[in-house]
Amino acid sequence: MPAVILAALILSTAQSPTGAPAMPAERPAARWIAAPRPEMPVAALRGNIGSGTVVLNCEILDTGEVAGCSIVSEAPAGYRLGRAAITAMPAAHAEPDRPGRYEVVLNFIVQ
């Protein structure tokens, strides 16, 4: 059963003095050259969840590569959507003109 990712949005975040991501900054969001394309996990297909959302925190390097992603949230929990999103990120590539930390929102839906 094929899964389709409806949207992959990147919102910029500023760096706090402690190094933890802060609230969105007043700068343009990064743009995808090659958007992440995670596959719907088998657990999600078997669970018949239909859709889900994952928020990642990732570093966009000055080369456009995506690195250092961590899961901020995933819903519904327990279906490995976050792991699927992280696994897909090495193939993603952003415009290299806006390096920094970003929140990446991935919406999963089964069609």
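If you count by my numbering, then the sequence shown holds residues 1291 to 1401, one letter each, in order.
Built from N, CA and C at the ideal position, the CB exists for glycine as well.
As the structure is a computational prediction, the values presented were derived from the model and not from experiment.
GLY1342 counts as buried, since no fewer than 16 other beta carbons sit within 10 angstroms of its beta carbon. When the Cα atoms are used, GLY1340 and LEU1351 turn out to be separated by approximately 33 Å. The beta carbon of PRO1326 sits closer than 8 Å to those of ILE1295, ALA1298, VAL1356, ALA1375, ALA1378, MET1379, ALA1381, ALA1382, VAL1394 and LEU1396, all from its chain and outside the five residues before and after it, given in chain order. Under the three-state reduction of DSSP output, GLY1372 falls in the helix class. By the beta-carbon neighbour count (other beta carbons within 10 angstroms, threshold 16), VAL1344 is buried.
In the DSSP assignment, the residues bridged to GLU1364 are VAL1344.
Excluding the 5 residues flanking it on each side, TYR1369 has same chain C-beta neighbours closer than 8 Å at PRO1331, ALA1333, ALA1334, GLY1337, ILE1339 and GLY1342, in chain order.
Inter-residue distance for GLY1372 and CYS1348 is about 13 Å (C-alpha atoms, whole angstroms). Rounded to whole angstroms, the gap between the alpha carbons of ALA1365 and TYR1392 is 19 Å. Residue burial annotation: GLY1358 is exposed, with fewer than 16 other C-beta atoms found within 10 angstroms of its C-beta.
Separation of SER1360 and ALA1384 (C-alpha to C-alpha, rounded to the nearest whole angstrom) is 17 Å.
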